[in-house]
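Undergrad:
2 protein chains.
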Amino acid sequence: MPTIHHPELDTVPLSAVLAALSDPTRLEIVKRLDESGSVGCVCADIGVDASKSALSHHFKVLRQAGVIHQEPQGTARITTLRREELDGRFPGLLVSVLSAEGPV
Amino acid sequence: MPTIHHPELDTVPLSAVLAALSDPTRLEIVKRLDESGSVGCVCADIGVDASKSALSHHFKVLRQAGVIHQEPQGTARITTLRREELDGRFPGLLVSVLSAEGPV
DNA sequence: CGCATCGTTCAAAGAACATTGGATAATGCG
DNA sequence: CGCATTATCCAATGTTCTTTGAACGATGCG
Chain E
0 MPTIHHPELD
10 TVPLSAVLAA
20 LSDPTRLEIV
30 KRLDESGSVG
40 CVCADIGVDA
50 SKSALSHHFK
60 VLRQAGVIHQ
70 EPQGTARITT
80 LRREELDGRF
90 PGLLVSVLSA
100 EGPV
Chain F
0 MPTIHHPELD
10 TVPLSAVLAA
20 LSDPTRLEIV
30 KRLDESGSVG
40 CVCADIGVDA
50 SKSALSHHFK
60 VLRQAGVIHQ
70 EPQGTARITT
80 LRREELDGRF
90 PGLLVSVLSA
100 EGPV
């Protein structure tokens, strides 16, 4: 398995982050990761209704947008939010998205 | 010309707003509108490099996402940001987007 | 009225995106 | 080793988005 690539947040365009977060499935993934805290999540156990391939795709999009971090652990991958880094690059963005009320 | 429809912000999904803002052209439009303040902008004078039709399309997307308000004035339309309303529905979101540094 | 201005609408084309199913790779356990 | 688990990759399909150019509609001015 090739090393997982995580982009420098300084190089990530704002539009890429917004695009990554603009999909309801991915928004739900991010919310689950937020609830899981620093413990992180195994992709398969995220509890989002989507096929294995679709999930893999969405995680890839989120990773390339600098939203999440993935660490191999056994056959699984522990996924966490890049909270502090994101908040450094886009202050207030993640919090406003995570705390939004109403329809997703 | 039919009355321009502006959605109630409570009914606008977060993902719709993020999708509207995730396009670089539309992000630039929003930034110009922010600079114009409460005075507003005439679409054609927005100074964004896009065709008339493309601009109309982008304004429509932004309007349907509740991001902008348009008011007929003569043959033109005065466009303004729905700042306060947006900040009520998604506290901190617009500010974080508008004040973001780095690549768009 | 005649005409220019500003914007919307329509159809068409191309690009980008989401989803699926099957194949593949890597790890850990018995 | 053989097998289950976890996740990625690939090709294919269908959908959505973006853009263009042409046609149309509404408004205001002379």
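Line order of the protein sequences matches chains E and F. Quick note on numbering: the first sequence equals residues 0 to 103 in numbering that gives the first Met the number 0. Quick note on numbering: the second sequence equals residues 0 to 103 in numbering that gives the first Met the number 0. All C-beta atoms in this analysis are idealised placements derived from N, C-alpha and C, irrespective of residue type, glycine included.
Note down, in chain order, every chain E residue with its Cβ under 9 angstroms from the Cβ of R88 of chain F.
TA: A99, E100, G101, listed in chain order.
Undergrad: Can you name the residues that DSSP bridges to V80 of chain F?
TA: The displayed chain sequence assigns Leu, not Val, to residue 80 of chain F. DSSP, once it has assigned bridges, lists F:I67 as partnering L80 of chain F.
Undergrad: If V47 of chain E sits next to T78 of chain E, beta carbons under 8 angstroms apart, how far is it from one beta carbon to the other, in whole angstroms?
TA: Not really, about 12 angstroms apart at Cβ, beyond 8 angstroms.
Undergrad: Does any C-beta atom of chain F lie closer than 8 angstroms to the C-beta of T10 of chain E?
TA: Yes - at least one Cβ of chain F is within 8 angstroms of the one on T10 of chain E.
Undergrad: Which same chain residues end up closer than 8 angstroms to L13 of chain F when comparing Cβ atoms and leaving out the 5 residues on each side of it in sequence?
TA: For L13 of chain F, where only same-chain residues beyond five positions count, the Cβ hits under 8 angstroms are F89.
Undergrad: Could you tell me whether the Cβ of M0 of chain F comes closer than 8 angstroms to any Cβ of chain E?
TA: Because M0 of chain F carries a pLDDT of 47, less than 50, the predicted location of this residue cannot be relied on, and no value is offered for it.
Undergrad: Could one say the Cβ of D48 of chain E lies closer than 8 angstroms to chain F's Cβ atoms, at least one of them?
TA: No, its Cβ sits nowhere closer than 8 angstroms to a Cβ of chain F.
Undergrad: At a CB-CB cut-off below 7 angstroms, which residues of chain F make contact with G91 of chain E?
TA: In chain order: G91, V94, S95.
Undergrad: Taking V16 of chain E and G65 of chain E to be in contact with their CB atoms under 8 angstroms, please state how far apart those CB atoms are, rounded to whole angstroms.
TA: Contact holds; Cβ gap of about 7 angstroms.
Undergrad: Decide if A43 of chain E is buried, meaning its Cβ has at least 16 other Cβ atoms within 10 Å, or exposed.
TA: Looking at its Cβ environment, which holds fewer than 16 other Cβ atoms inside 10 Å, A43 of chain E is exposed.
Undergrad: When you compare only the Cα positions, how much space is there between A75 of chain F and S21 of chain F?
TA: The straight-line gap from Cα to Cα measures roughly 26 angstroms.
Undergrad: When the distance is taken between beta carbons, is Q63 of chain E closer than 8 angstroms to P6 of chain E?
TA: Their beta carbons are under 8 angstroms apart, which means P6 of chain E touches Q63 of chain E by this criterion.
Undergrad: DSSP state of V16 of chain E, grouped into three classes?
TA: Reduced to three states, the DSSP call for V16 of chain E is helix.
Undergrad: Starting from the beta carbon of D33 of chain E, find every residue of chain F whose beta carbon is closer than 8 angstroms, and list them in chain order.
TA: Going along chain F, no residue has its Cβ under 8 angstroms from D33 of chain E, so there is no contact; the nearest lies around 14 angstroms.
Undergrad: In this structure, does DSSP put A43 of chain E in helix, strand or coil?
TA: In this structure, A43 of chain E counts as helix in the three-state DSSP scheme.
Undergrad: Looking at C-alpha atoms only, which residue of F:V60, F:E70, F:S50, F:L26 is the closest neighbour of C40 of chain F?
TA: Among F:V60, F:E70, F:S50, F:L26, the Cα nearest to that of C40 of chain F is on F:E70.
Undergrad: Would you identify the three-state DSSP class for A53 of chain F, choosing helix, strand or coil?
TA: Note: A53 of chain F maps to helix in three-state DSSP.
Undergrad: Taking the alpha-carbon of T2 of chain E as reference, which of E:H68, E:K51, E:S98, E:V29 has the nearest alpha-carbon?
TA: Per the Cα distances, E:H68.
Undergrad: Which term fits H4 of chain F, buried or exposed, when burial requires 16 or more other beta carbons within 10 angstroms of its beta carbon?
TA: Looking at its Cβ environment, which holds fewer than 16 other Cβ atoms inside 10 Å, H4 of chain F is exposed.
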